[in-house]
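Structure, as structure tokens:
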Amino acid sequence: MIKEIQVKSVLNKHKKRDDWFLENYTLNPYSGCSFNCIYCYIQGSKYGGDHSNNLSIKVNAPEILIKQLKNRAFKREYGIIVVGSSTDPYLPIEENLGLTRELLQIIYRFKFPVHIITKSNLILKDLDILRKINASANLPSDLKTKLNHNVIVSFSFSTIDNKLAGIFEPGAPSPRERLQTMQKLKEEGFLVGANLMPVLPFLSDTEVNLDKMIKEMKYHDADFVLVGGLTLFGDKSTDCKVRYFEILDKYFPEISDKTRKLFRNSFYPPKNYQQVLSERSEKICRKYGIKNNII
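This note's numbering puts the first residue of the sequence shown at 12, with every later residue one more than the last.
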């Protein structure tokens, strides 16, 4: 079901810049997501319902964004806007609706830099606006010596295996499409990378699988690779934790029990798992000469 909603605010400001994605602001044109990724942390009761079946369009987002960015620009509070922090800005509906495109035009007007996070090749239709933003936006002064771009685009992956992706990301474009689109954007001169977030325990987080994924990212000209573990929330039927284990029981029963033991009663894997994952990914990034951060 698709709903039209009115919002009072569309631009969210952080108290401090995010270390990973470098954003000072976040912006989501849509609420909910038709890609229906099983592991998605916005699924279920923690964030207010089954977002895969309730896609909302923020129809007044352009007029609200003009007011908010006009105020920020007047105060010269320039910072990177992450577009797509919780919902992909290039869902299939965007092809005809063009809401993300309209918001990017406003961002260009007020000269803010952007970091777009997506799984979709629909971003290619907005190359003209992204080129303009890249050429004219105002970076925060402390980033000017560290970044040579005003547009960052990162593509999200949990795996590059098409079979796995079809199970865990049933509505999303294929990993191959994402890799090809990433390479095209690099050819256009943007700063591009991959968010391996989340890697899937015992499926795509092993050293062999991470090596394969990071090698592919390097081959497709990624500037950076960010790696993060899986988070699972909730105990209701629409919650990502319940849905994820249902999928494991159905398709991968051999790892279902040990995945449950990994999470126990927590939303996150234990610290030692996260430490091993971080060290493993850093080592592989060094092997292929690719950064494991944006700057």
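For every residue, glycine included, the Cβ atom is placed at its ideal position computed from N, Cα and C.
ask   = GLY204 by DSSP, collapsed to three states: which one?
value = Numbered from its first residue, the sequence shown carries residue 204 at position 193. Three-state DSSP puts GLY204 in a strand.
ask   = When you compare only the Cα positions, how much space is there between ALA176 and CYS251?
value = Within the sequence shown, numbered from 1, the residue matching residue 176 stands at position 165. Within the sequence shown, numbered from 1, the residue matching residue 251 stands at position 240. Straight across, the Cα-Cα distance linking ALA176 with CYS251 is about 16 Å.
inquiry  = In this structure, how does DSSP classify ASN39 when only helix, strand and coil are distinguished?
reply    = The residue given as residue 39 occupies position 28 in the sequence shown. Assigned with DSSP and collapsed to three states, ASN39 falls in coil, not helix or strand.
ask   = Tell me the DSSP bridge mates of ILE13?
value = Mapped onto the sequence shown, residue 13 falls at position 2. In the DSSP assignment, ILE13 forms a beta bridge with LEU66.
request  = Identify whether LEU33 lies in helix, strand or coil by the three-state DSSP scheme.
outcome  = In the sequence shown, counting from the first residue as 1, residue 33 sits at position 22. Correct three-state label for LEU33: coil.
ask   = Apart from the five residues just before and just after SER97, which ones in its own chain have a Cβ nearer than 6 Å to its Cβ?
value = Working through the sequence shown from its first residue, we reach residue 97 at position 86. Short of 6 Å from the beta carbon of SER97, and not among the five residues preceding or following it, lie these beta carbons of its own chain, in chain order: ASN39, ILE53.
ask   = Can you tell me the Cα-Cα spacing of ASP137 and ASN107, whole angstroms?
value = By 1-based counting over the sequence shown, the position of residue 137 is 126. By 1-based counting over the sequence shown, the position of residue 107 is 96. About 13 Å.
ask   = At which residue ranges does the region 91-128 contain complete alpha helix (DSSP H) runs of 4 or more residues, listed in the order of the chain?
value = Runs found: 105-108, 110-120.
inquiry  = Using a 10 Å radius around the Cβ and a threshold of 16 neighbouring Cβ atoms, would you call GLU198 buried or exposed?
reply    = Here the question's residue 198 lines up with position 187 in the sequence shown. So GLU198 ends up on the exposed side.
query = If GLU218 and ARG291 are in contact, beta carbons under 8 Å, what's the gap, nearest whole angstrom?
reply = On the sequence shown, residue 218 is found 207 positions in, with the first residue counted as 1. On the sequence shown, residue 291 is found 280 positions in, with the first residue counted as 1. Contact holds; Cβ gap of about 6 Å.
query = How is the alpha helix (DSSP H) around SER292 delimited, first residue to last?
reply = As a working mapping, residue 292 is identified with position 281 in the sequence shown. First-last of the alpha helix (DSSP H) with SER292: 282-299.
key: Per-residue burial, TYR230 [other beta carbons within 10 Å of its own, 16 or more giving buried]   = The residue you call residue 230 lines up with position 219 of the sequence shown. With fewer than 16 neighbouring CB atoms inside 10 Å of its own CB, TYR230 falls in the exposed class.
key: Host alpha helix (DSSP H) of VAL219 (start-end)   = Here residue 219 refers to the residue found at position 208 of the sequence shown. Unbroken alpha helix (DSSP H) run through VAL219: 218-230.
LYS223 to THR170 span [Cα, whole Å] = For this step, residue 223 is matched to residue 212 along the sequence shown. For this step, residue 170 is matched to residue 159 along the sequence shown. Counting only the Cα atoms, THR170 lies some 10 Å from LYS223.
Which of helix, strand or coil DSSP assigns to ASN23 = Stepping through the sequence shown from its first residue, residue 23 is reached at position 12. In the structure shown, ASN23 sits in a strand (DSSP, three-state: E or B).
task = Measuring alpha carbon to alpha carbon, tell me which of VAL236, VAL70, SER42, GLN79 ends up nearest TYR299.
result = Position 288 of the sequence shown, counted from the start, is the residue given in the question as residue 299. The candidate whose alpha carbon is nearest that of TYR299 is VAL236.
ask   = DSSP three-state call for PRO163: helix, strand or coil?
value = Within the sequence shown, numbered from 1, the residue matching residue 163 stands at position 152. Looking at the sequence provided, one finds Ile at residue 163 rather than Pro. In the structure shown, ILE163 sits in a strand (DSSP, three-state: E or B).
inquiry  = So, with DSSP's three-state summary, where would you put VAL18?
reply    = Walking along the sequence shown from the start, residue 18 turns up at place 7. Residue state for VAL18 is assigned as coil, using DSSP reduced to three classes.
query = Going along the chain, which residues of its own chain have a beta-carbon closer than 7 Å to the beta-carbon of GLY59, five neighbours each way excluded?
reply = One-based indexing of the sequence shown puts residue 59 at position 48. Because the pLDDT at GLY59 is just 46, under 50, the model does not fix this residue reliably, and the value given afterwards should be weighed accordingly. Nothing listed; no residue qualifies.
7 Å Cβ cutoff met for ILE258 and PHE213 = On the sequence shown, position 247 is the one that residue 258 refers to. On the sequence shown, position 202 is the one that residue 213 refers to. Cβ distance not < 7 Å, so ILE258 and PHE213 don't count as in contact.
Top-ranked residue by Cα proximity to ILE127, from ASP246, ASN173, ASN206, VAL210 = Taking the sequence shown and counting its residues from 1, one reaches residue 127 at position 116. Closest option to ILE127, judged by alpha-carbon separation, among ASP246, ASN173, ASN206, VAL210: ASN206.
request  = Pull up the distance between the alpha-carbon of VAL18 and that of TYR36, whole angstroms please.
outcome  = Counting from 1 along the sequence shown, the entry for residue 18 is found at position 7. Counting from 1 along the sequence shown, the entry for residue 36 is found at position 25. In this structure, the CA atom of VAL18 is about 17 Å from the CA atom of TYR36.
ask   = In terms of DSSP beta bridges, what is LEU211 paired with?
value = What you label residue 211 is simply residue 200 of the sequence shown in a count that begins at 1. Its beta-bridge partners do not exist; DSSP assigns none.
request  = With a threshold of 16 other CB atoms inside 10 Å of the CB of MET208, please say whether the residue is buried or exposed.
outcome  = Numbered from its first residue, the sequence shown carries residue 208 at position 197. A residue is called buried once 16 or more other Cβ atoms fall within 10 Å of its Cβ, and MET208 is buried on that count.
Alpha-carbon to alpha-carbon, ASN283 and GLY200 = Residue numbering aside, residue 200 sits at position 189 when the sequence shown is read from its first letter. Residue numbering aside, residue 283 sits at position 272 when the sequence shown is read from its first letter. For the pair GLY200 and ASN283, the Cα-to-Cα distance works out to about 38 Å.
task = To the nearest angstrom, report how far apart HIS25 and ASN304 are at their CA atoms.
result = For the purposes of this step, residue 25 is identified with residue 14 of the sequence shown, where counting begins at 1. For the purposes of this step, residue 304 is identified with residue 293 of the sequence shown, where counting begins at 1. Approximately 20 Å between the Cα atoms of the pair.
ask   = For LEU33 versus ILE91, is the C-beta distance shorter than 7 Å?
value = Stepping through the sequence shown from its first residue, residue 33 is reached at position 22. Stepping through the sequence shown from its first residue, residue 91 is reached at position 80. Their beta carbons are under 7 Å apart, which means LEU33 touches ILE91 by this criterion.
ask   = Who are the near neighbours of LEU202 in its chain, counting only those whose CB is closer than 6 Å to its CB and skipping five residues on each side?
value = For this step, residue 202 is matched to residue 191 along the sequence shown. Cβ within range, chain order: HIS160, ILE163, ASP234.
task = Output the distance between the C-alpha atoms of SER185 and LEU273, rounded to the nearest integer angstrom.
result = Taking the sequence shown and counting its residues from 1, one reaches residue 185 at position 174. Taking the sequence shown and counting its residues from 1, one reaches residue 273 at position 262. About 28 Å.
inquiry  = Considering only DSSP beta bridges, list what VAL238 is partnered with.
reply    = For the purposes of this step, residue 238 is identified with residue 227 of the sequence shown, where counting begins at 1. Residue pairing by DSSP places VAL238 opposite LEU207 in a beta bridge.
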